[in-house]
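Asks: I'd like to ask you about the structure that follows.
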Amino acid sequence: MIRRITGWFNRHPRATLGALLAGPLGWISIVYLGSLLILLMHAFWSKDSFTGKVEPFNWTLDAFAQIFSNPVYFTIAARTIGIALLVTIAAAAIALPVAYYMARIASPRKRALLLVAVTMPLWASYLVKIYAWRTILQTNGLLGWAISPFGLEGPGLTEIANSWLVLTYLWLPYMILPVYAGLERIPNSLLEASADLGGRGWITFRRVIFPQLIPALAAGSIFTFSLSIGDYIVPDLVSDAKFIGNVIYDNSALGSFPVAAAFSFVPIIVMIGYLLFARRLGAFESL
Amino acid sequence: MKRFKGVTLLAVLALLVAACGGSTSESAAPSGDEKPAGWLEALGAAEGELNLIIWPGYAERGEYEGFNWVDPFEAETGCKVNVTAMTDSNNGVQLLQSGQYDGGSFSGDASVRLMTAGDVAPVNVDLLSNYAAVFSGLKNQAHNSKDGMPYGVPHGRGPNLLMWNTDVVTTAPTSWDAVWDGTAAVNGKISIYDSSIYIADAAIHLMAKRPELGIKNPYQLNEEQFAAAIDLLEKQRDLGVIYWGSYADQVAGFASGDLVIGTTWQFMANVLGGDTTAPKVETVMPAEGSTGWSDTWMMATKAANPNCMYLWMNHMMSAEANGQATVFFGEAATSEAACDYAETIAPGHCELTHASDEAYWESIWYRTTPREDCDDADAATTCKTQDDWVEAWTTLRGN
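Those protein sequence lines, which keep their order, are chains A and B. Per the numbering used here: the first sequence = residues 1177 to 1463. Per the numbering used here: the second sequence = residues 235 to 633.
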């Protein structure tokens, strides 16, 4: 009996493939894509202002009209994208020297230790790290205490720069690792050739190493950009700014699901654009 | 592969439309001709299980010494209690609407929505022996009754108070002016609740300062009144406000000195009072009155365990359970008997929370949902809706 079944599957390779893929594909399409679809459909449904309930399949563009008629939504989106870009740039600026040292200069033992050091923050809980930064950034927190001899005060928990700082800290390992991997891939012979042709340190870096690193940087930036654009816990806890995620959360918490769903199109569209751009830069080969 | 993907997507869409399309034909109309849905004519046998949605701290099982009102209930009735804590009112509404719970403790902004939508059932209070003893000021209020029928039993109530750091604010304030007008000492360190419902507090200030606006109910505001409230909030924001979303943020802020004045619940004042390293704080109910909240235990219309739910509602009005629960949270008890019990575990509690002082509660506006019809008998009036409030708050905080 079993041999008959296996025999049949052997003769029909497409059926074998289908049966094997049915499970994971079913999971992705029904559970993941399906729930995402329902979420996004809410943006096109109306809400009964009397009972406060969403009216499914009652198609309307009211939620989008609200988003476009109030300029604050644009301000919040611009603020979020701006911070996400700043986080990406800062993370890249820190990751390059660190990864370069790890890949090219450090001894194997130091390299191993540094790898552990870079990934160790990932072992700690996300919330614990943010609360640690809160105690540092409070007006008389650790930072305030350290700079008080110079007559300065701590930033307090209302500065938007705090969000930039903490987000960069959180996503730094995700930028360092792809850049490190990218640097490791550059063969030594290339650098020797560049030196032979008269290129000193900075020229070699600018014209030989950096172009090779663009895919790796793009790959790392996918993490830093997408994680920053969607974050709402960091701006809530260390600053008083509202990001896209905060607006979506606040609206959901108070029952305005159509507006929340409509506004969530913004990060989705931005990320699609960003991923297409990153793909062009070769990020997906280097992930 | 391309065809495979397209077919899968189509199949998913078809499944979804079929699944969702069916549920739209359901209406919220109650079944039966005379008896409303979920009405219990008489108490039957306990079902053995009870699934509740609660505010954190509303169903304690002895994690804190001396506070356990769930175990005695289970032992007495045989109803095993399973709780889910809600994060906020809307989360609570969603949980109840999922149909998997028998009931929960809801604040006014959730309870009104649930009653209007028919998600909770009217309660036959004749079956609840402890109901008669509850303070009359808590019965048949806008947030726990509809068409003259009670829709739940009270758990406790509390006001939003003005709290200040006594080292920085040396003269005790008696009015909300302190957070609206600002002074050099407090600017930049004002603590305000981060929710659209706070617009009502602005309305209360306007009721005292600008009576020409004619605000009758701080939760039901017309175009002009609403614009004035938002204007006031923008001025306040420019003084330098730090908005708090969770009570722990406010406590940490006052303890570190980042905050020196703001709106709070008695609970936070108690926490700060218990912290010997924190600056000394005082609270007051300002002369203009304030917003407040009154939580009600309500039963779902489609509750699977209605008898256990009725037993729980009666239990939560009993002296021991209500006394313990309200002392634990720092809110006012719901009956004289509960107050007497509360005196034995926390002397002065009922006096501090004004549990039986009905005159005190006259000046307090319980949280409720802003409605387009202004929740009044006058059909000509229109007010800003909940959605308008949420959007205005987003605009205020987002800019």
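Glycine is no exception: its CB is placed at the ideal position from the N, C-alpha and C atoms.
So which residues on chain A does B:Q620 lean against when the C-beta distance must stay under 9 Å?
Replies: The count along the second sequence starts at 1 and reaches residue 620 of chain B at position 386. Within chain A, the residues near B:Q620 are S1225, G1228, L1430, G1431, S1432.
Asks: Straight-line CA distance for B:N316 to B:P306?
Replies: The residue you call residue 316 of chain B lines up with position 82 of the second sequence. The residue you call residue 306 of chain B lines up with position 72 of the second sequence. Approximately 14 Å between the Cα atoms of the pair.
Asks: If we require 3 or more residues per run, which beta strand (DSSP E) segments fall completely within the segment 425-496 of chain B?
Replies: 475-478, all fully within the segment 425-496 of chain B.
Asks: Can you name the residues of chain A whose CB is closer than 9 Å to the CB of B:T602?
Replies: To locate residue 602 of chain B, count along the second sequence from 1; it is residue 368. Simply none; closest approach about 12 Å.
Asks: Where are the alpha helix (DSSP H) runs, 4 residues long or more, that stay fully inside the segment 1241-1307 of chain A, in chain order?
Replies: Entirely contained in the segment 1241-1307 of chain A, the alpha helix (DSSP H) runs reaching 4 residues are, in chain order, 1247-1276, 1284-1295.
Asks: Report all residues from its chain with a CB closer than 6 Å to the CB of A:N1427; omit the five preceding and five following residues, and keep chain order.
Replies: Against the first sequence, residue 1427 of chain A aligns to sequence position 251. The residues are V1435, A1436.
Asks: Which residues does DSSP pair with B:V528 in a beta bridge?
Replies: Working through the second sequence from its first residue, we reach residue 528 of chain B at position 294. Note that residue 528 of chain B is Ser in the sequence shown, not Val. Paired residues: B:R391.
Asks: In the DSSP assignment, find the alpha helix (DSSP H) that holds B:E596 and state where it starts and stops.
Replies: By 1-based counting over the second sequence, the position of residue 596 of chain B is 362. Residues 592-596.
Asks: Report back the beta-carbon spacing between B:A442 and B:E570 to the nearest angstrom; my notes put them in contact at under 8 Å.
Replies: Position 208 of the second sequence, counted from the start, is the residue given in the question as residue 442 of chain B. Position 336 of the second sequence, counted from the start, is the residue given in the question as residue 570 of chain B. That belief does not hold up - the Cβ atoms of B:A442 and B:E570 are roughly 32 Å apart, past 8 Å.
Asks: Along chain A, which residues have their Cβ under 8 Å away from the Cβ of B:N648?
Replies: Beyond the ends of chain B as shown, which are 235 and 633, falls residue 648 of chain B; an answer cannot be given.
Asks: Looking at C-beta atoms only, is the number of pairs between the segment 557-577 of chain B and the segment 285-292 of chain B that lie closer than 8 Å three or more?
Replies: Yes, since at least three Cβ pairs between the segment 557-577 of chain B and the segment 285-292 of chain B fall closer than 8 Å, the two stretches touch.
Asks: Can you give me the C-alpha to C-alpha distance between A:L1216 and A:I1206, rounded to a whole angstrom?
Replies: Position 40 of the first sequence, counting from 1, holds the residue named residue 1216 of chain A. Position 30 of the first sequence, counting from 1, holds the residue named residue 1206 of chain A. If I take the Cα positions, the gap works out to 15 Å.
Asks: Write down every uninterrupted run of the alpha helix (DSSP H) in the segment 1319-1382 of chain A whose length is 4 residues or greater and which is fully enclosed by it, in chain order.
Replies: With a minimum length of 4 residues, the continuous alpha helix (DSSP H) runs that stay inside the segment 1319-1382 of chain A are 1336-1361, 1364-1372, 1377-1380.
Asks: Alpha carbons only, please: which of B:L348, B:T615, B:N378 is nearest the one belonging to A:K1229?
Replies: Taking the first sequence and counting its residues from 1, the one referred to as residue 1229 of chain A is at position 53. For A:K1229, the nearest C-alpha among the options comes from B:L348.
Asks: Count Cβ pairs between the segment 1415-1433 of chain A and the segment 1375-1388 of chain A that sit closer than 8 Å; are there 3 or more?
Replies: Too few Cβ pairs lie closer than 8 Å, so no.
Asks: So that I know if they touch, is there some Cβ in chain A lying closer than 8 Å to that of B:I476?
Replies: In the second sequence, the residue the question calls residue 476 of chain B occupies position 242. It does; some Cβ of chain A falls within 8 Å.
Asks: At the 8 Å Cβ level, is B:R444 part of the contact set with chain A, yes or no?
Replies: Locating residue 444 of chain B in the second sequence gives position 210, where the first residue counts as 1. No, no contact with chain A.
Asks: Where does the unbroken beta strand (DSSP E) through B:A319 begin, and where does it stop?
Replies: Position 85 of the second sequence holds residue 319 of chain B. Looking at the DSSP string, the run of the beta strand (DSSP E) that includes B:A319 is 314-319.
Asks: Could you tell me which chain A residues have their CB closer than 8 Å to the CB of B:G491, listed as they occur along the chain?
Replies: If you number the second sequence from 1, residue 491 of chain B lands on position 257. Within chain A, the residues near B:G491 are T1315, N1316.
Asks: B:E577 to B:A555, Cα distance in whole Å?
Replies: For the purposes of this step, residue 577 of chain B is taken as residue 343 along the second sequence, with counting starting at 1. For the purposes of this step, residue 555 of chain B is taken as residue 321 along the second sequence, with counting starting at 1. Roughly 13 Å separates the two Cα atoms.
Asks: Could you tell me whether the Cβ of A:N1364 comes closer than 8 Å to any Cβ of chain B?
Replies: Numbered from 1 along the first sequence, position 188 holds the residue referred to as residue 1364 of chain A. Not an interface residue.
Asks: For B:E260, count neighbouring Cβ atoms within 10 angstroms of its own Cβ and tell me buried if that reaches 16, exposed if not.
Replies: If you number the second sequence from 1, residue 260 of chain B lands on position 26. Note that B:E260 scores 37 on pLDDT, short of 50, meaning its location in the model is unreliable and no value can be drawn from it.
Asks: Give the list of continuous alpha helix (DSSP H) stretches no shorter than 4 residues that lie fully inside the segment 1420-1444 of chain A.
Replies: Here the runs fully enclosed are 1420-1429, 1433-1439.
Asks: According to the neighbour-count rule (16 or more other Cβ atoms, all chains shown, within 10 Å of its Cβ), is B:N378 buried or exposed?
Replies: For the purposes of this step, residue 378 of chain B is taken as the residue at position 144 of the second sequence. So B:N378 counts as buried.
Asks: From B:M543 to B:M397, what does the alpha carbon distance come to, in whole angstroms?
Replies: By 1-based counting over the second sequence, the position of residue 543 of chain B is 309. By 1-based counting over the second sequence, the position of residue 397 of chain B is 163. Their backbone Cα atoms lie some 37 Å apart in a straight line.
Asks: Between which two residues does the beta strand (DSSP E) holding B:T517 run?
Replies: Looking up residue 517 of chain B in the second sequence gives position 283. Note, B:T517: beta strand (DSSP E), 515-518.
Asks: Please decide whether B:T535 counts as near chain A, where near means a Cβ-Cβ distance under 8 Å.
Replies: As a first step, residue 535 of chain B must be located in the second sequence, where it is residue number 301. For B:T535, the answer is no, since every Cβ of chain A falls outside 8 Å of its Cβ.
Asks: Is there a Cβ of chain B sitting closer than 8 Å to that of A:D1416, yes or no?
Replies: Taking the first sequence and counting its residues from 1, the one referred to as residue 1416 of chain A is at position 240. Yes, because at least one Cβ of chain B sits closer than 8 Å to the Cβ of A:D1416.
Asks: Can the beta-carbon of B:T497 be found closer than 8 Å to that of B:T517?
Replies: Translated into the one-based positions of the second sequence, residue 497 of chain B becomes position 263. Translated into the one-based positions of the second sequence, residue 517 of chain B becomes position 283. Going by C-beta atoms, B:T497 is not nearer than 8 Å to B:T517.
Asks: I'd like to know whether the C-beta atoms of B:I495 and B:N399 end up nearer to each other than 8 Å.
Replies: Numbered from its first residue, the second sequence carries residue 495 of chain B at position 261. Numbered from its first residue, the second sequence carries residue 399 of chain B at position 165. Cβ distance < 8 Å, so B:I495 and B:N399 count as in contact.
Asks: Reducing DSSP to helix, strand and coil, say where B:A376 ends up.
Replies: Position 142 of the second sequence holds residue 376 of chain B. In this structure, B:A376 counts as coil in the three-state DSSP scheme.
Asks: Are B:E565 and B:R391 touching if we call contact CB-CB under 8 Å?
Replies: Position 331 of the second sequence, counted from the start, is the residue given in the question as residue 565 of chain B. Position 157 of the second sequence, counted from the start, is the residue given in the question as residue 391 of chain B. Against a cut-off of 8 Å, the Cβ pair of B:R391 and B:E565 comes out as a contact.
Asks: Among B:W410, B:Y481, B:G487, whose alpha-carbon lies nearest the alpha-carbon of B:A437?
Replies: To locate residue 437 of chain B, count along the second sequence from 1; it is residue 203. Ranking the options by Cα distance to B:A437, first place goes to B:W410.
Asks: Using 7 Å as the cut-off, classify the Cβ of A:D1407 as near or not near the heavy atoms of the ligand GDP, replying yes or no.
Replies: The model depicted lacks the ligand GDP and carries no ligand whatsoever.
Asks: Applying the criterion that 16 or more other CB atoms from any shown protein chain within 10 Å of the CB defines a buried residue, is B:S524 buried or exposed?
Replies: Along the second sequence, read from residue 1 onward, the residue named residue 524 of chain B stands at position 290. Looking at its Cβ environment, which holds 16 or more other Cβ atoms inside 10 Å, B:S524 is buried.
Asks: Give the C-beta separation of B:A271 and B:M533 to the nearest angstrom, bearing in mind that I take them to be a contact with Cβ-Cβ under 8 Å.
Replies: Counted from its first residue, the second sequence places residue 271 of chain B at position 37. Counted from its first residue, the second sequence places residue 533 of chain B at position 299. In fact, because the Cβ distance is near 11 Å, the residues do not count as touching under 8 Å.
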